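Data first, discussion second: the structure below is written as C-alpha cells.
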Amino acid sequence: MKATRVFQITALAMVLVAAVQAGYWLYDQRSSAMEKVRDVRTLYTQQITAAQALLDSGAPPDQVRTMMPGIVINGKRASLSPEVDQMLMSEERRRINQYAWEGGFFLLALAVCNGVIFRALRAEARVRQEQDNFLALVSHQFKTPLASLQLSLETMAMRSLSPEQSRTLIDRMLSDLARMEAMVTQILESNRLERGRIDLKVEPIELGGAVGRVVAHMEERAAKEKITIAADIARGMYVMADPLALDVVVRNLLENAVAAVTPVGGGTISLTARQVNTEVELSVRDTGVGFRPADGARLFEKFTRLHPGGGSSYFGTGLGLYIVRRLMQLAGGRVSAHSEGVGQGAQFVLAWPVAPAGPT
Amino acid sequence: MSAPTQFFNRILVVEDDPHLAAGIVDNLRAEGYGVQALTAGQQALDWLSEEQCGLIVLDVMLPELDGFTVCRTLRQRGDSTPVLFLTARGDPADRVTGLEAGGDDYMAKPFHLQEFLLRVRAILRRWDWYRSASATPASAILHFAGNEVDFRAFRARSWNGISQELTEKEAMILKVLAERPGEIVSREDLLEKVWGYDVFPSTRTVDNFILRLRKRFERDPANPKHFLTVWGVGYRFMIEGES
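Residue numbers (numbering that gives the first Met the number 0), protein chains in the order written: chain A, 0 to 359; chain B, 0 to 242.
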C-alpha cells in the first residue's frame with residue numbers, strides 16, 4: 000500500500016516536471032522557428048540590397064534576375080518577389096501551427112496523466128479513511144454484545160443462580176450470539192454491496208405474494224411484541240426486481256418497523272402498494288417511535304441508530320437500512336423514509352419499476 | 000424522594016443496550032445496592048434533578064445526549080455525584096476526555112465483572128470516607144491562614160475574600176491533607192484515596208492538583224507556606240504555615 004503510494008506520488012511529480020519541460024520545449028521551438036524565418040528574410044534583404052547595387056552600377060536587369068531568382072525588378076527598383084514573401088509567411092505559420100498542435104497534444108496528455116494519478120491518490124486516501132472509520136465502528140458495534148456475553152458468563156461463574164435465573168442468562172447469551180451473527184452477516188453483505196460484488200437478476204415478480212411470504216415469516220415474532228402486521232396488496236401487481244434482494248429489503252424494513260413499535264408497547268405495521276406511472280410503490284407504515292423529519296436521509300447511512308433506548312428485542316446493527324438503500328439502487332429502484340416526528344410513527348416507501356407484463 | 004440515608008447505596012445505571020443494562024443491574028442488586036436503570040442521557044439528567052444516588056454508571060455512546068455531555072452538565076449544575084464511565088471506546092484520548100468531563104473512573108467494554116464491582120465499591124468507599132470525614136460541623140469546615148473551606152458545599156473563601164468553587168477532587172485532596180496536618184502524605188496515598196487505582200497514568204496529576212490548591216489558597220503560590228513539597232516523597236500540609 001505504502002509502496003504504491005510512493006510510486007503514485009513519484010509518478011505525479013515526474014509528470015509535472017515533464018509538463019513543465021514540454022511547455023518550455025514548445026516555447027523554445029516556436030521562438031526558434033520564428034528566428035529561422037527571420038534569418039531567411041534577412042538573407043533576402045541582403046540580396047535585394049546587392050541586386051539594387053548591381054542595378055545602380057548599370058548591370059542589365061535580366062542578368063540580375065537570373066543571378067537572384069527570388070528578386071523582382073520593376074524598372075530600376077529591386078524588391079522581394081510576392082511568391083517568396085508568401086512562401087516565407089506560410090512557412091512561418093506552418094511551423095508555429097505544427098509546434099502548437101504537437102505541444103498542445105503533449106501537454107494535454109500530460110494533464111490527463113496528472114488528473115488520473117491525482118484522482119487515484121485522492122480515491123485511495125478516501126478509501127483508507129472509510130476503512131478506518133468502518134473498522135472503528137464495527138469494533139464498537141461488536142464490543143457491546145461481547146460485553147453483555149462476558150457479563151452473563153462471569154455472572155454464572157461467580158454466583159449461585161436458580162434454574163430460572165440461569166435460563167434467563169442463557170437466553171440472553173444466545174440472543175447476544177445471534178446478534179453478533181446477524182452483525183457479521185450484515186457486515187459481509189454491506190461489504191459485498193459496496194464492492195459491487197452482488198449480481199442481481201432482475202425479473203418480473205408478483206409483489207403481493209413476495210411480501211406475503213416475508214410477512215408470514217415475521218408475524219409470530221411481531222405478535223410476541225403485541226404488533227399486528229396488516230398487508231393489503233392487490234394480487235397481480237408485478238415489479239422488476241431481484242427476488243432475493245426484494246426479500247431482503249422487505250424483511251429489513253419489517254425488522255426495522257418491529258424495532259420501532261416495540262418500545263411503545265405494541266401497535267400496527269401496515270403494508271400497502273399502488274402503481275404510480277411506471278413504478279410500483281410499497282409503503283411500510285408503523286405506529287412506532289418515529290424520528291425527526293430532518294433525520295430521514297441520515298437513516299440510510301451506515302451505523303445510524305436513532306431509536307432512543309430501543310425495545311427489549313431491538314439490537315440494530317446500524318447496517319439494515321444502508322443495505323436496503325444499496326440493494327434498491329442496484330435494482331433500479333429507490334427507498335425513502337418519512338415521519339412527522341418522534342413518537343409519530345414512520346413510513347418507508349420502496350419503489351420498483353413496474354414489470355411490462357407478468358412473468359414470461 | 001428517597002430517605003437521605005439510603006441514596007448513598009443507590010446506583011443509577013444509564014445504558015442503552017438492554018442486555019448489558021440487565022446484566023449490570025442484576026449484579027449490582029445481588030451485591031445489595033439499590034439500582035435505577037435508564038436508557039438515555041436526557042432521561043438521566045431529568046431523573047437526577049429530582050432524585051439522588053451514590054454513583055452513576057454511565058455509558059458514553061448514548062442516543063442523542065452522550066455520556067460525556069451528561070457528566071459535564073451535572074458538574075455545571077453543581078452535582079458532584081461520582082460517575083463511572085462505561086464505553087466501547089477504550090483509547091487513552093477518550094479516557095482523558097471522560098475524566099476531564101468530571102468522571103471518577105472509566106472502564107472499557109468488554110469488562111470483567113469482578114473488576115467492575117471492585118471499582119464500584121472503591122468509588123463508593125472513597126465517597127463514604129469523604130462524607131463521614133466531613134460529617135460533623137467541626138470537620139466540615141477548615142480554617143487556615145484566613146482561608147475557609149466548606150467540604151460539604153465544595154466551596155471556599157480564600158484569604159483575599161474571593162469565593163471559590165472547588166472540584167470534588169480538589170476538595171478530596173484537601174480533606175486527605177487536612178486530616179493529617181504536619182504529616183508527610185505520599186503522592187501514591189493521595190492517588191489511592193482520591194482516585195483509586197490505575198485511573199490516571201502518573202502521579203504528576205496529583206502535582207497539578209496541588210498547584211491548583213496553592214493558587215487558590217497561598218498568598219504567594221511560588222513560595223508556598225501551607226502546601227509544602229517533600230521532594231521525592233509527597234506533600235505536607237501546614238495549618239499554621241511554615242515560618
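Ideal Cβ placement from N, Cα and C applies to all residues, glycine included.
Quantities reported herein were computed from a predicted structural model and do not represent experimental measurements.
Run of the beta strand (DSSP E) containing residue i, from where it starts to where it stops
| i | result |
| --- | --- |
| B:Phe226 | Phe226 to Val229 |
| A:Phe347 | Ala345 to Pro352 |
| A:Asp285 | Glu278 to Asp285 |
| A:Thr267 | Gly266 to Val275 |
| B:Ile140 | Ile140 to Phe143 |
| B:Leu57 | Leu54 to Asp58 |
| B:Met106 | Asp104 to Ala107 |
First through last residue of the alpha helix (DSSP H) which encompasses residue i
| i | result |
| --- | --- |
| A:Ala258 | Pro242 to Val260 |
| A:Arg333 | Looking at the DSSP string, A:Arg333 is not in any alpha helix (DSSP H); the run it does join, the beta strand (DSSP E), is Arg333 to His337. |
| B:Ala36 | Segment Gly33 to Leu37 is the beta strand (DSSP E) holding B:Ala36; no alpha helix (DSSP H) there. |
| A:Met172 | Pro162 to Glu193 |
| A:Ile197 | Careful: A:Ile197 lies outside any alpha helix (DSSP H) and carries neither H nor E. |
| B:Arg156 | From DSSP, B:Arg156 is part of no alpha helix (DSSP H) but of the beta strand (DSSP E) over Arg154 to Arg156. |
| B:Asp127 | Leu112 to Ala132 |
| B:Thr247 | Outside the modelled stretch of chain B, which goes from 0 to 242, sits residue 247 of chain B, for which no answer is possible. |
| A:Val288 | It is not in any alpha helix (DSSP H) - A:Val288 carries neither H nor E in the DSSP assignment. |
| A:Ile116 | Pro81 to Met157 |
When the options are compared against residue i, the one with the closest alpha-carbon
| i | options | result |
| --- | --- | --- |
| A:Val197 | A:Thr184, A:Ala259 and A:Ala244 | A quick correction: the sequence has Ile, not Val, at residue 197 of chain A. Considering only alpha carbons, the answer is A:Ala244. |
| B:Asn146 | B:Ser138, B:Ile140, B:Glu239 and B:Ser157 | B:Ser157 |
| B:Ala152 | B:Ala139, B:Leu27 and B:Gly160 | B:Ala139 |
| A:Asp285 | A:Gly331, A:Ala50 and A:Gly342 | A:Gly342 |
| A:Gly235 | A:Glu218, A:Gly207, A:Glu224 and A:Ala215 | A:Gly207 |
| B:Gly89 | A:Val36, A:Ala146, A:Ile72 and A:Ala108 | A:Ala146 |
| B:Gly160 | B:Arg218, B:Ala177 and B:Ala29 | B:Arg218 |
| B:Leu47 | B:Arg28, B:Arg74, B:Asp25 and B:Val24 | B:Arg74 |
| B:Ala137 | B:Ala177, B:Arg118 and B:Gly101 | B:Ala177 |
| A:Asn132 | A:Val260, A:Tyr26 and A:Lys301 | A:Lys301 |
| A:Asn251 | A:Lys200, A:Glu188, A:Phe117 and A:Gly264 | A:Glu188 |
| A:Asp170 | A:Leu148, A:Ile322 and A:Tyr237 | A:Leu148 |
| A:Ser78 | A:Gly69, A:Met86 and A:Gln85 | A:Gly69 |
| A:Ala230 | A:Ala12, A:Gln20 and A:Ala272 | A:Ala272 |
Residue i, buried or exposed, once every other Cβ within 10 Å from all chains shown has been counted against 16
| i | result |
| --- | --- |
| A:Ser401 | Nothing can be reported for residue 401 of chain A: it is not among the residues displayed for chain A, which extend from 0 to 359. |
| A:Lys223 | exposed |
| B:Leu19 | buried |
| B:Met0 | Only weak support is given to the placement of B:Met0: the predicted model assigns it a pLDDT of 41, under 50, and the value that follows is read from those uncertain coordinates. Per the 10 Å Cβ criterion, exposed. |
| B:Glu50 | exposed |
| B:Val229 | exposed |
| A:Asn190 | exposed |
| B:His225 | buried |
| A:Gly57 | exposed |
| A:Ser311 | Low per-residue confidence applies at A:Ser311: pLDDT is 36, beneath 50, and the placement is therefore not dependable enough to give any value. |
| B:Ala2 | Here B:Ala2 scores only 41 on pLDDT, less than 50, and its place in the model should not be relied on; the value that follows carries that caveat. B:Ala2 comes out exposed. |
| B:Asn222 | exposed |
| A:Thr277 | exposed |
| A:Tyr26 | exposed |
| A:Tyr313 | Note on A:Tyr313: pLDDT 47, under 50, position unreliable in the model; no value is reported. |
| B:Glu169 | buried |
Residue i Cβ short of 7 Å to the ligand GDP heavy atom set
| i | result |
| --- | --- |
| A:Gly331 | The ligand GDP is not part of the structure shown, which contains no ligands of any sort. |
Proximity test, Cβ basis, 8 Å: residue i and chain C
| i | result |
| --- | --- |
| A:Arg166 | Checking the listed chains, one finds no chain C in this structure; the protein chains it contains are A and B. |
key: Members of the stretch 72–88 of chain B that neighbour chain A once the beta carbon cut-off is set at 7 Å   = Hits within the stretch, in order: Ala87 and Arg88.
request  = Count the CB pairs spanning the stretch 149–165 of chain A and the stretch 100–117 of chain B that are closer than 8 Å, and state whether there are at least three.
outcome  = The stretch 149–165 of chain A vs the stretch 100–117 of chain B: in contact.
inquiry  = Closer than 8 Å between beta carbons: that is the criterion. Which residues of the stretch 9–22 of chain B meet it against chain A?
reply    = Here the close residues are Asp15, Asp16, Pro17, His18, Leu19, Ala21 and Gly22.
inquiry  = To be precise: take each residue of the stretch 132–164 of chain A, compare its Cβ to all Cβ atoms of chain B, and keep it if any distance is under 7 Å. Which residues remain?
reply    = Residues of the stretch 132–164 of chain A with a C-beta less than 7 Å from any C-beta of chain B: His139, Lys142, Thr143, Leu145, Ala146, Ser147, Gln149, Leu150, Ser151, Glu153, Thr154, Met157 and Arg158, listed in chain order.
key: Members of the stretch 267–301 of chain A near chain B, C-beta cut-off 7 Å   = Result list empty, no residue passes.
query = Using a beta-carbon distance cut-off of less than 9 Å, what residues from the stretch 90–112 of chain B approach chain A?
reply = Hits within the stretch, in order: Ala107, Lys108, Pro109, Phe110, His111 and Leu112.
query = Mind listing which residues of the stretch 196–221 of chain A have their C-beta closer than 7 Å to chain B's C-betas, in chain order?
reply = Result list empty, no residue passes.
ask   = Is the stretch 33–41 of chain B touching the stretch 9–16 of chain B in the sense that three or more CB pairs, one from each, lie closer than 8 Å?
value = Touching, yes, given that three or more Cβ pairs across the two stretches are closer than 8 Å.
query = Hey, is the stretch 279–298 of chain A in contact with the stretch 343–355 of chain A, meaning 3+ C-beta pairs nearer than 8 Å?
reply = Counting C-beta pairs with one atom in each stretch, the stretch 279–298 of chain A and the stretch 343–355 of chain A have three or more that are closer than 8 Å, which means they touch.
task = Check distances from the C-beta atoms of the stretch 169–183 of chain A to those of chain B and list, in chain order, the residues that come in under 8 Å.
result = Residues Arg171, Ser174 and Asp175.
task = Note down, in chain order, all residues in the stretch 121–150 of chain B with a beta-carbon under 7 Å from any beta-carbon belonging to chain A.
result = Cβ contacts with chain A come from no residue of the stretch 121–150 of chain B.
The stretch 15–26 of chain A in contact with the stretch 103–113 of chain A per 3-pair CB rule at 8 Å = With a cut-off of 8 Å, the stretch 103–113 of chain A and the stretch 15–26 of chain A count as touching, because enough Cβ pairs lie within range.
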